[in-house]
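Student: First, the structure itself, so that you have it in front of you.
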Amino acid sequence: MAADAPVPAETAQTATTHSAPRRLVLDILNDWVTTVDHKKIGLMYIGYALVFLVVAGIQALLMRIQLSLPNNDFVSPQAFNSLFTMHGTTMVFFVGMPILFGFGNYLVPLMIGARDMAFPRLNAFSFWISAFGGILLYFSYFGASGLYGAGSAPDVGWFAYAPLTARVFSPGHSTDYWTLAILLSGIGSIGTALNIVATTICMRCPGMKLSRMPLLVWLYLVTSSLVFVAVSPLTAAQIMLMLDRYIGSHFFDTQAGGSAVLWMHFFWIFGHPEVYILILPAFAFANEIIPVFSRKAIFGYAAMVAASVGIGFISLSVWAHHMFTVGLGAGANTFFVLATMIISVPTGIKLFNWLATLWGGKIHFTASMMFAIGFLFQFLIAGLTGVMLSIAPFDWQLGNSYFVVAHFHYVLVGGILFMIFSAFYYWFPKMSGKMLSEKLGKWHFWIFLIGFHLTFDFMHVPGMLGMPRRIYTYEADRGWMIWNMIISSGAIFQAAGTLLFVYNMIWSYFKGPVAGPDPWDAWTLEWSTPSPPPAYNFAEIPSVASRRPLWDLKHPEDPDSNYE
Amino acid sequence: MHTDPDHLDPNVIQLPRPTAWPMILALGVSLILAGMVTSVAVAILGLGLCLASIIGWFRQVLPHEAHEPVPLEDAAIAPTSARTLLPQTKEPAAPHRVETFQLATGIRGGLAGGLAMIVPATIFSLLKFHSLWYATNLLAAGGFVSWGGASDAFLCQFHLQGLLAAIFIHGLTALLVGLLYGAVLPMFPRYPILSAGVIAPLLLTGILHSVLNVLSPLLNQRIDWFWFILSQIAFGLVCGYVVNLQTRLRSAEFQALPFAVRAGLHGNHGPNSIDKKDSSR
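These protein sequences, in sequence, are chains A and B. Under the working numbering, the residues of the first sequence are numbered 1 to 564, in order. Under the working numbering, the residues of the second sequence are numbered 565 to 845, in order.
Written as structure tokens, this is what we have:
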């Protein structure tokens with residue numbers, strides 16, 4: 001049909017009814033697949049991480065059902081091994097890191113007044129290779145051969161200690177799937193970290209000196225720098241493991257002169273900084289959200305920056321506290337005990353500064369702020385149990401017990417996940433243009449809070465009673481049943497809270513009230529753009545004169561630039 | 565941001581052109597690795613995709629980076645605030661100067677207190693073991709695993725490495741505790757002798773008593789707590805005196821300030837000032 005020829009209305013309707021939606025879907029798909037826009041890539045990171053969050057959450061539920069009763073056989077021991085391996089691997093590599101990189105991708109250029117990341121195509125490549133890593137990992141459920149035949153998912157635990165990963169103990173390909181997926185994810189992480197560092201260093205808008213940079217961007221700079229240092233040893237270790245498994249080298253084969261402890265060092269020199277790679281972005285969210293809902297500037301900006309950089313450095317010297325039970329010797333034990341304790345000092349500075357920001361503020365208890373306050377309390381407790389476990393003799397008693405599981409879930413769920421929820425309630429209006437329902441958000445908060453404490457407060461107890469982690473089932477006379485029942489019931493609350501959150505996002509996206517550019521009366525540059533921001537972010541590159549550029553614009557009679 | 569010099573239209577902004585090549589390269593690399601656990605055909609397909617995408621990607625950026633013009637939207641935003649308080653309409657009648665913690669104060673206090681602490685420790689050594697070096701070596705033993713079972717006679721002798729280790733441990737600890745005094749004492753300016761000379765030493769002694777067995781089992785076995793508390797009090801009195809001198813805590817004006825100001829939570833100027841809290845909503 002000629003483009004200029006008039007078309008009768010009926011014919012046009014008939015012609016478009018069937019074909020328009022198809023074109024629309026393909027257009028949208030093409031738009032997202034080919035995008036190099038940091039915002040869309042950020043949203044893809046977040047969406048993909050949310051899918052894996054649901055998957056890994058279901059795995060956790062299955063494990064909790066299995067452990068809720070003694071002598072239970074709800075899942076087989078083989079399936080249980082795969083469940084805890086895939087749950088841990090997914091949560092760390094395919095939920096935690098992508099979701100935090102997603103927020104970083106979306107927010108960092110907006111906050112520093114840039115139009116995109118420094119390397120937009122590398123940004124797209126980093127996302128896609130991480131995504132394919134996740135897909136490859138889960139393809140193991142269909143494609144991998146393993147100890148138990150075809151369709152065996154990895155079952156060596158998320159830190160895959162040698163010699164369990166050797167061919168003789170892990171025949172087939174299930175462990176290879178794990179190794180290759182982590183390798184792909186590592187390439188993506190390093191690419192994104194490189195992009196964030198280059199963007200932060202080179203693309204700040206005029207006037208945005210390092211001393212005026214939003215704390216979120218500072219934290220992402222530290223996190224990304226940590227990724228360089230921490231992910232490289234992991235990638236090296238994965239390649240060494242592949243060499244062991246494929247061409248018969250003996251890096252981790254103790255019977256042929258290799259060292260199983262070498263793997264531990266390689267893994268944990270990645271593994272513990274990884275905890276900080278995950279928690280520092282959560283700190284970053286708190287640094288932006290707590291001041292806005294306290295209606296005060298952040299307390300102790302310089303101390304917060306110094307503490308963040310300090311945490312980055314110290315976190316590189318604490319890895320062997322995961323290895324106290326190996327028997328490192330008194331000298332190494334003492335060093336790692338002290339290094340681990342010392343990291344609580346900059347972390348404590350941060351907590352005190354957040355409290356000082358709240359002090360005397362006009363606190364607005366929005367859903368976002370409630371999650372942030374929950375984070376403060378829970379992260380404090382997580383830190384305290386961390387200090388307890390940093391003491392080598394204490395760790396000898398409780399290492400590899402459910403006490404440790406409770407401790408790190410307090411960090412990962414009570415700390416990081418709470419701040420991720422907080423960040424969703426805070427930045428969803430910017431990303432979607434719609435407000436999330438506050439009412440549903442507060443229901444989400446309370447249900448999830450109850451579930452969290454039922455699960456992870458009580459999880460410390462069976463740990464102290466001697467229940468080891470990764471145990472498939474237990475005898476009825478151990479006295480662990482009541483605690484496991486409570487823990488499992490808490491998991492159901494958490495699942496319900498998460499479902500409510502997902503419902504809230506979907507409902508609000510379609511039916512929620514329009515957000516406007518600045519629904520929280522906030523102070524950083526992303527709120528000076530429409531919601532959602534246009535592809536170019538800023539029609540004109542802004543210039544700033546203080547740490548709170550929007551405060552200055554809104555209050556020319558009393559700008560922060562008078563004081564900084 | 566990369567700009568195209570050929571495009572000077574003020575109504576459009578040049579952005580990097582969307583491209584599928586990064587995704588295809590990622591898929592190619594993934595398939596090459598997946599070929600190791602599936603089939604060599606998968607790896608060959610991945611290799612083909614890699615080569616094609618590398619060429620495609622190069623053509624995106626060479627000889628010039630590909631851009632696409634994005635029209636500017638007509639949506640100027642005027643930032644507004646719901647804040648109702650206008651704080652700087654009048655100057656504060658008599659702005660008070662807020663004493664803030666100075667790093668040098670804590671360092672001076674710590675060093676002075678550390679020197680004072682040596683006196684009772686040395687007296688203890690002389691009275692109980694007739695040696696100048698017993699307390700020094702006992703402290704140093706925390707740093708030497710091989711000294712774990714050292715005899716009293718050994719600890720009474722002079723050891724250069726013991727002296728150096730003790731100076732390091734004592735100096736660092738005194739410095740850190742001095743910084744703590746410097747930060748905390750301005751918050752509690754009344755009864756400085758009681759707070760710096762009694763309460764703080766007893767608190768620190770209590771903390772140390774609970775963890776000393778972990779930090780240094782030898783010191784924990786042989787420490788004389790009476791003399792240790794005397795040393796702590798000597799440290800507290802001298803360190804507190806130096807901190808008090810430096811920060812003029814004894815002025816009535818300072819003592820009348822609210823705790824939040826003494827603790828540095830609020831000043832009377834700047835983004836954290838009490839006046840500048842946002843009273844909106």
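The beta-carbon is built from N, C-alpha and C at its ideal position, and this holds for glycine as well. The structure displayed is predicted, hence computed values, not measured ones.
Touch check for the region 294 to 310 of chain A and the region 350 to 363 of chain A: three-plus C-beta pairs under 8 Å?
Tutor: Result yes; three or more Cβ-Cβ pairs closer than 8 Å.
Student: Output, in sequence order along the chain, the residues in the region 573 to 607 of chain B whose CB is closer than 7 Å to any CB in chain A.
Tutor: Cβ contacts with chain A come from Ile577, Leu579, Pro580, Pro582, Thr583, Ala584, Pro586, Met587, Leu589, Ala590, Leu591, Val593, Ser594, Leu597, Ala598, Met600, Val601 and Thr602.
Student: Check whether the Cβ of Gly207 of chain A lies closer than 8 Å to any Cβ atom in chain B.
Tutor: Here residue 207 of chain A is taken as the residue at index 207 of the first sequence, counted from 1. Not closer than 8 Å to any Cβ of chain B, the Cβ of Gly207 of chain A fails to qualify, so no.
Student: Roughly how many angstroms lie between the CA atoms of Leu180 of chain A and Tyr402 of chain A, to the nearest whole one?
Tutor: The sequence position of residue 180 of chain A within the first sequence is 180, counting from 1. The sequence position of residue 402 of chain A within the first sequence is 402, counting from 1. Cα to Cα, Leu180 of chain A sits roughly 29 Å from Tyr402 of chain A.
Student: Can you check whether the CB of Leu768 of chain B is closer than 8 Å to the CB of Leu776 of chain B?
Tutor: What you label residue 776 of chain B is simply residue 212 of the second sequence in a count that begins at 1. What you label residue 768 of chain B is simply residue 204 of the second sequence in a count that begins at 1. No, the Cβ-Cβ distance between Leu776 of chain B and Leu768 of chain B is not below 8 Å.
Student: In whole angstroms, give me the CA-to-CA distance for Leu449 of chain A and Gly331 of chain A.
Tutor: By 1-based counting over the first sequence, the position of residue 449 of chain A is 449. By 1-based counting over the first sequence, the position of residue 331 of chain A is 331. Distance between the alpha carbons of Leu449 of chain A and Gly331 of chain A is about 41 Å.
Student: Between the beta-carbon of Leu634 of chain B and the beta-carbon of Tyr106 of chain A, is there less than 8 Å?
Tutor: Within the second sequence, numbered from 1, the residue matching residue 634 of chain B stands at position 70. Within the first sequence, numbered from 1, the residue matching residue 106 of chain A stands at position 106. The amino acid at residue 634 of chain B is misidentified as Leu; the sequence shows Val. Result no, Cβ atoms of Val634 of chain B and Tyr106 of chain A do not sit closer than 8 Å.
Student: In chain order, what residues of the same chain have a beta carbon less than 7 Å from the beta carbon of His734 of chain B, not counting five sequence neighbours either side?
Tutor: As a working note, residue 734 of chain B is residue 170 in the second sequence. Correct list, in chain order: Gly678 and Leu703.
Student: By the three-class DSSP mapping on this structure, what secondary structure does Glu632 of chain B have?
Tutor: Mapped onto the second sequence, residue 632 of chain B falls at position 68. Note: Glu632 of chain B maps to strand in three-state DSSP.
Student: Go through its chain and collect everything with a Cβ distance to Phe125 of chain A's Cβ below 7 Å, but skip five positions before and after it.
Tutor: Against the first sequence, residue 125 of chain A aligns to sequence position 125. Closer than 7 Å at the Cβ level, and outside the excluded window around Phe125 of chain A, lie Gly191.
Student: May I ask you to report which of helix, strand or coil DSSP gives Pro765 of chain B?
Tutor: For this step, residue 765 of chain B is matched to residue 201 along the second sequence. If DSSP states are grouped into helix, strand and coil, Pro765 of chain B belongs with the helices.
Student: Would you report the Cα separation of Phe865 of chain B and Val762 of chain B, rounded to the nearest angstrom?
Tutor: Residue 865 of chain B is absent from the structure shown; chain B starts at 565 and stops at 845.
Student: So that I know if they touch, is there some Cβ in chain B lying closer than 8 Å to that of Thr35 of chain A?
Tutor: Locating residue 35 of chain A in the first sequence gives position 35, counting from the first residue. Yes, contact with chain B.
Student: Opposite Val576 of chain B in the DSSP bridges: which residues?
Tutor: Taking the first residue of the second sequence as 1, we reach residue 576 of chain B at position 12. B:Pro635.
Student: What does Val514 of chain A pair with, by DSSP beta-bridge criteria?
Tutor: What you label residue 514 of chain A is simply residue 514 of the first sequence in a count that begins at 1. Partner(s): A:Lys434.
Student: For Asp253 of chain A, I'd like the list of residues in its chain whose CB is within less than 8 Å of its CB, leaving aside the five on either flank, ordered along the chain.
Tutor: Residue numbering aside, residue 253 of chain A sits at position 253 when the first sequence is read from its first letter. Result list for Asp253 of chain A: Ala162, Pro163, Ala166 and Asp244, in chain order.
Student: Alpha helix (DSSP H) containing Ala676 of chain B: first to last residue?
Tutor: Counting from one through the second sequence, the residue named residue 676 of chain B turns up at place 112. Counting along the chain, the alpha helix (DSSP H) containing Ala676 of chain B begins and ends at Leu667 to Phe693.
Student: Select from the region 774 to 791 of chain B all residues with a C-beta closer than 8 Å to any C-beta belonging to chain A, and list them in chain order.
Tutor: Residues Val778.
Student: Alpha carbon to alpha carbon, how far is Leu772 of chain B from Gln796 of chain B?
Tutor: Here residue 772 of chain B corresponds to residue number 208 of the second sequence, with the count starting at 1. Here residue 796 of chain B corresponds to residue number 232 of the second sequence, with the count starting at 1. Approximately 11 Å, taken between the alpha carbons.
Student: State yes or no: is the beta carbon of Phe365 of chain A nearer than 8 Å to at least one beta carbon in chain B?
Tutor: Here residue 365 of chain A refers to the residue found at position 365 when the first sequence is read from its first residue. By this cut-off, Phe365 of chain A is not an interface position.
Student: Which of the three DSSP states is assigned to Pro214 of chain A in this structure?
Tutor: In the first sequence, residue 214 of chain A corresponds to position 214, counting from 1. DSSP places Pro214 of chain A in coil when its eight states are reduced to three.
Student: From the beta carbon of Gln624 of chain B, is the nearest beta carbon of chain A less than 8 Å away?
Tutor: Working through the second sequence from its first residue, we reach residue 624 of chain B at position 60. Yes - at least one Cβ of chain A is within 8 Å of the one on Gln624 of chain B.
Student: Using a Cβ cut-off of 7 Å, pull out every chain A residue sitting near Thr644 of chain B, in sequence order please.
Tutor: For this step, residue 644 of chain B is matched to residue 80 along the second sequence. By Cβ distance, chain A contributes Lys554.
Student: Within the 8 Å Cβ cut-off, does Ile99 of chain A reach chain B?
Tutor: Against the first sequence, residue 99 of chain A aligns to sequence position 99. Cβ-Cβ to chain B under 8 Å: no for Ile99 of chain A.
Student: Taking C-beta pairs closer than 7 Å, name the residues in chain B that Pro517 of chain A reaches, listed in chain order.
Tutor: The sequence position of residue 517 of chain A within the first sequence is 517, counting from 1. Result: Ile641.
Student: Report the neighbours of Asp176 of chain A on chain B: residues whose CB is nearer than 7 Å to its CB, in chain order.
Tutor: As a first step, residue 176 of chain A must be located in the first sequence, where it is residue number 176. Going along chain B in sequence order, the residues near Asp176 of chain A (Cβ under 7 Å) are Met600 and Val601.
Student: Flag this pair as touching only if the region 396 to 413 of chain A and the region 457 to 476 of chain A have three or more C-beta atom pairs under 8 Å; answer yes or no.
Tutor: At 8 Å Cβ cutoff, the stretches touch.
Student: Between the region 410 to 425 of chain A and the region 377 to 389 of chain A, are three or more C-beta pairs nearer than 8 Å?
Tutor: Counting Cβ pairs under 8 Å, three or more are found: they touch.
Student: In whole angstroms, give me the CA-to-CA distance for Glu629 of chain B and Pro580 of chain B.
Tutor: Position 65 of the second sequence, counting from 1, holds the residue named residue 629 of chain B. Position 16 of the second sequence, counting from 1, holds the residue named residue 580 of chain B. Between Glu629 of chain B and Pro580 of chain B, the C-alpha separation is close to 8 Å.
Student: Which residue comes first and which comes last in the alpha helix (DSSP H) that contains Asn72 of chain A?
Tutor: The count along the first sequence starts at 1 and reaches residue 72 of chain A at position 72. Careful: Asn72 of chain A lies outside any alpha helix (DSSP H) and carries neither H nor E.
Student: Give every residue of the same chain whose Cβ lies closer than 7 Å to the Cβ of Phe722 of chain B, excluding the five residues on either side of it in the sequence, and list them in chain order.
Tutor: Position 158 of the second sequence, counted from the first residue, corresponds to residue 722 of chain B. Correct list, in chain order: Trp697.
Student: Less than 6 Å between C-beta atoms, sequence neighbours within five positions excluded: which residues of the same chain meet that for Val292 of chain A?
Tutor: For the purposes of this step, residue 292 of chain A is taken as the residue at position 292 of the first sequence. The answer, listed in chain order, is Trp520 and Ala522.
Student: Count Cβ pairs between the region 135 to 142 of chain A and the region 150 to 157 of chain A that sit closer than 8 Å; are there 3 or more?
Tutor: Short answer: they touch.
Student: Could you check whether the Cβ of Trp711 of chain B sits closer than 8 Å to any Cβ belonging to chain A?
Tutor: In the second sequence, counting from the first residue as 1, residue 711 of chain B sits at position 147. Not closer than 8 Å to any Cβ of chain A, the Cβ of Trp711 of chain B fails to qualify, so no.
Student: Does Arg167 of chain A come within less than 8 Å of chain B when only Cβ atoms are used?
Tutor: Counting from one through the first sequence, the residue named residue 167 of chain A turns up at place 167. It does not: the Cβ of Arg167 of chain A has no partner Cβ on chain B nearer than 8 Å.
Student: In angstroms with no decimal places, state the Cα-to-Cα distance between Trp483 of chain A and Asn333 of chain A.
Tutor: For the purposes of this step, residue 483 of chain A is taken as the residue at position 483 of the first sequence. For the purposes of this step, residue 333 of chain A is taken as the residue at position 333 of the first sequence. Using only the alpha carbons, I get a separation of about 32 Å.
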